[in-house]
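There are 2 protein chains.
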Amino acid sequence: MTTNQKFNFRNYVKNTSLTVGVNPVIFSVSEDKLKVLLATFDPRLKKSLPGGAILKNENADDAANRVLQETTGLESIFLKQFHVFSEPDRFSYATVYNELHEESYKPPEDIDIPDRVFTIGYFALVNFDTVHPTGGIINVMSEWVDIDTIPELMYDHNLIIDEALSSLRKELFFEPIGYNLLPEKFTMPELQRIYEIILDKPLTRSNFQRKMLNWGIYERLGERKEGVSHKRPFLYRFDKERYDKAIKTGINFCL
Amino acid sequence: MTTNQKFNFRNYVKNTSLTVGVNPVIFSVSEDKLKVLLATFDPRLKKSLPGGAILKNENADDAANRVLQETTGLESIFLKQFHVFSEPDRFSYATVYNELHEESYKPPEDIDIPDRVFTIGYFALVNFDTVHPTGGIINVMSEWVDIDTIPELMYDHNLIIDEALSSLRKELFFEPIGYNLLPEKFTMPELQRIYEIILDKPLTRSNFQRKMLNWGIYERLGERKEGVSHKRPFLYRFDKERYDKAIKTGINFCL
DNA sequence: TCAAAAGTGTTCGTCCTACACCCATGA
DNA sequence: TCATGGGTGTAGGACGAACACTTTTGA
Chain A
3 MTTNQKFNFR
13 NYVKNTSLTV
23 GVNPVIFSVS
33 EDKLKVLLAT
43 FDPRLKKSLP
53 GGAILKNENA
63 DDAANRVLQE
73 TTGLESIFLK
83 QFHVFSEPDR
93 FSYATVYNEL
103 HEESYKPPED
113 IDIPDRVFTI
123 GYFALVNFDT
133 VHPTGGIINV
143 MSEWVDIDTI
153 PELMYDHNLI
163 IDEALSSLRK
173 ELFFEPIGYN
183 LLPEKFTMPE
193 LQRIYEIILD
203 KPLTRSNFQR
213 KMLNWGIYER
223 LGERKEGVSH
233 KRPFLYRFDK
243 ERYDKAIKTG
253 INFCL
Chain B
3 MTTNQKFNFR
13 NYVKNTSLTV
23 GVNPVIFSVS
33 EDKLKVLLAT
43 FDPRLKKSLP
53 GGAILKNENA
63 DDAANRVLQE
73 TTGLESIFLK
83 QFHVFSEPDR
93 FSYATVYNEL
103 HEESYKPPED
113 IDIPDRVFTI
123 GYFALVNFDT
133 VHPTGGIINV
143 MSEWVDIDTI
153 PELMYDHNLI
163 IDEALSSLRK
173 ELFFEPIGYN
183 LLPEKFTMPE
193 LQRIYEIILD
203 KPLTRSNFQR
213 KMLNWGIYER
223 LGERKEGVSH
233 KRPFLYRFDK
243 ERYDKAIKTG
253 INFCL
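Chains as they are written, first to last, in our numbering: chain A, 3 to 257; chain B, 3 to 257.
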């Protein structure tokens, strides 16, 4: 036998019309709280995550970066895919219209509306101060919301945020990503707060300091933080070169 | 403003015709080697991973379990999503026809062939002896191949396997999943080989033993392994109850 | 009786924890 | 001068790496 006799194109290509989008869960830290960027599509509806479809010549990462750029203005920041959400009924393009009966939200009948929409969940870490949230292309506005006061959201977006947070915590053990939430120059106490807020548990100051320095991936700068009403802490910077070297020699970032 | 003025359905629904499938990377261990199940669609072509489209009423996990069942006969085994592969040109339905010019592989012109196909990568851990590989619904056959002699595969399947292995290694730090590769009753030396093979590095016998027992998630059975030409090792079984208890009290599975 | 492999114990070093102590700063 | 927070030192304990020793088995 040379040809595969089992194969029949008509059985193989299952024609469920489908769109795949991305939903970045954008984290930042401000006022000692972990925050997530939530979008408002229409003020009368529940909030949702920023998101968008994957366009013709994009891969998923491209799309996530684009959505991030549209809503925060930021490029090339920490962004990582963590899970696909694919329940058959997780999303419907008619939801908004069914809720509000606004003519402009009515799915037109002359274009093919996909039966299903999957979304690829991403999480991103950004420095709060560098972001001026906008609604991007789809939404009216977006805003930071404390992780522990997230309201009920559209679709399965509450679930997506839960999974994003637990993926973020997992990732902390493999990559020292916390510094992405801080400005380029930061102090050890600041970094410690990041870890405490993400992991939601207190860490011992002196030991935290020593561990971070032992990793040898942060460069201590000459300067110290100005304008604090007590001893001025050193400033540090993430050092990519040292990081790459540390990775090669095999390091683990367990806390 | 009540209505979202930015919104226009015609801009929002981007009509790229798209299918999403799953590709489980099925791992097992035999003859002291880590193996992956590879499928042959047509003997004249490169091999590939088992796979299939996500059907109408399935989510991604359902589809992956179905493909696994079709190719191995197994149900409810360890299976975990790890990444979506979404490059615009990663897959084409015409590939096989372009290669072989066999009429039966020609995409019919009267049905809509999707422009793009994404795949969700899964990895699965199975006990070698319980599997009798078949081609499943799509392929002619499937067979176990050593992880370090994987040939060049169709599409981006080599990349998928690489990512699967590194995800498997990562996951070892969060879940003690190695036992899934063994029969229900196993010995500590057997478990140690599993870890050594997956991580591709030797571990110290006595320390490994102690660590596994300290985790307290394996139950030592009364019996010992029969038919070995030296001291007979104890048999153990993974104990779900103890595992759940250990998780609650906060355990980490660092090696 | 012996080789091989399994189980257990011991030593040593490293790292983590907790706490103490001193330093620098603005109020 | 004092309260506050940052940097560093140290004693004690937990744990891992390496290795030694004993036990059990089939050949």
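Backbone N, C-alpha and C define an ideal beta-carbon position, used for all residues, glycine too.
Min CB distance residue i to chain A below 8 Å
i, result
"lysine 124(B)", "In the sequence as presented, lysine is not what sits at residue 124(B); that position holds tyrosine. It does not: the Cβ of tyrosine 124(B) has no partner Cβ on chain A nearer than 8 Å."
"threonine 18(B)", "yes"
"glutamate 104(B)", "yes"
"serine 88(B)", "yes"
"isoleucine 56(B)", "yes"
"tyrosine 310(B)", "The question about residue 310(B) has no answer, for chain B in this structure spans 3 to 257."
"phenylalanine 43(B)", "yes"
"histidine 159(B)", "no"
"threonine 21(B)", "yes"
"phenylalanine 130(B)", "no"
"isoleucine 149(B)", "no"
"isoleucine 152(B)", "no"
CA-to-CA distance, residue j to residue i, given in whole angstroms
i, j, result
"valine 230(B)", "isoleucine 152(B)", "33 Å"
"phenylalanine 120(A)", "valine 128(B)", "28 Å"
"aspartate 117(B)", "leucine 20(B)", "6 Å"
"cysteine 256(B)", "lysine 187(B)", "23 Å"
"isoleucine 253(B)", "alanine 62(A)", "34 Å"
"serine 50(A)", "phenylalanine 125(A)", "15 Å"
"threonine 5(A)", "isoleucine 115(B)", "21 Å"
"leucine 47(A)", "leucine 184(A)", "33 Å"
"phenylalanine 29(B)", "glutamine 211(B)", "24 Å"
"lysine 203(A)", "methionine 143(B)", "52 Å"
"leucine 215(A)", "serine 208(B)", "32 Å"
"glutamate 198(B)", "serine 32(B)", "13 Å"
"alanine 248(A)", "leucine 201(A)", "24 Å"
"isoleucine 162(A)", "asparagine 67(B)", "22 Å"
"arginine 195(B)", "leucine 102(B)", "43 Å"
"aspartate 44(B)", "glutamate 173(A)", "40 Å"
"glycine 180(B)", "glutamine 7(A)", "38 Å"
"aspartate 112(A)", "aspartate 64(A)", "29 Å"
"glutamate 177(A)", "phenylalanine 175(B)", "14 Å"
Residue-level contact to chain B via CB, residue i, 8 Å cutoff
i, result
"asparagine 61(A)", "yes"
"isoleucine 179(A)", "no"
"asparagine 6(A)", "yes"
"tyrosine 197(A)", "no"
"tyrosine 95(A)", "yes"
"histidine 134(A)", "no"
"proline 109(A)", "yes"
"isoleucine 253(A)", "no"
"valine 142(A)", "yes"
"isoleucine 79(A)", "no"
"glutamine 83(A)", "yes"
"isoleucine 200(A)", "no"
Nearest-angstrom Cβ-Cβ length linking residue i and residue j, presumed shorter than 8 Å
i, j, result
"leucine 76(B)", "proline 26(B)", "Contact flag wrong, Cβ pair sits at about 11 Å."
"phenylalanine 80(B)", "asparagine 182(B)", "4 Å"
"leucine 237(B)", "lysine 250(B)", "Not quite, the Cβ-Cβ distance comes to about 27 Å (not below 8 Å), so this is no contact."
"arginine 12(A)", "proline 110(B)", "7 Å"
"threonine 42(B)", "valine 133(B)", "About 16 Å; that fails the 8 Å criterion."
"valine 86(B)", "isoleucine 122(A)", "5 Å"
"aspartate 241(B)", "glutamate 221(B)", "4 Å"
"valine 24(B)", "glycine 53(B)", "6 Å"
"arginine 239(A)", "leucine 223(A)", "6 Å"
Endpoints, beta strand (DSSP E) assigned at residue i
i, result
"serine 168(A)", "Per DSSP, serine 168(A) belongs to no beta strand (DSSP E); it is in the alpha helix (DSSP H), 159 to 173."
"threonine 21(B)", "20 to 32"
"isoleucine 122(B)", "118 to 127"
"glutamate 60(B)", "No beta strand (DSSP E) holds glutamate 60(B); DSSP gives it neither H nor E."
"tyrosine 220(B)", "220 to 226"
"lysine 8(B)", "No beta strand (DSSP E) holds lysine 8(B); DSSP gives it neither H nor E."
"leucine 40(B)", "35 to 42"
Alpha helix (DSSP H) segment containing residue i, residue limits
i, result
"serine 144(B)", "Taken as a continuous stretch (DSSP letters only), serine 144(B) belongs to no alpha helix (DSSP H), being part of the beta strand (DSSP E) at 143 to 148."
"leucine 193(B)", "190 to 201"
"threonine 97(A)", "97 to 102"
"lysine 210(B)", "Here the sequence assigns phenylalanine to residue 210(B), which means lysine is not the residue at that position. Segment 207 to 217, the alpha helix (DSSP H) holding phenylalanine 210(B)."
"glutamate 243(A)", "242 to 250"
"phenylalanine 84(B)", "It is not in any alpha helix (DSSP H) - phenylalanine 84(B) instead sits in the beta strand (DSSP E) that spans 80 to 87."
"phenylalanine 11(B)", "11 to 14"
Are the segment 50 to 58 of chain B and the segment 86 to 96 of chain B in contact at 8 Å, needing three or more beta carbon pairs? Using a Cβ-Cβ distance cut-off of 8 Å, the segment 50 to 58 of chain B and the segment 86 to 96 of chain B are not in contact, since fewer than three pairs of beta carbons, one from each stretch, lie closer than that value.
So, does the segment 134 to 142 of chain A touch the segment 186 to 196 of chain A, judging by three or more C-beta pairs under 8 Å? Between the segment 134 to 142 of chain A and the segment 186 to 196 of chain A, the count of Cβ pairs shorter than 8 Å is below three; the stretches do not touch.
Taking 8 Å as the threshold, find out whether the segment 166 to 174 of chain B comes into contact with the segment 157 to 171 of chain A through three or more Cβ pairs. Counting Cβ pairs under 8 Å, fewer than three are found: no touch.
Would you check if the segment 33 to 48 of chain B and the segment 141 to 150 of chain B touch, i.e. whether three or more CB-CB distances between them fall below 8 Å? yes
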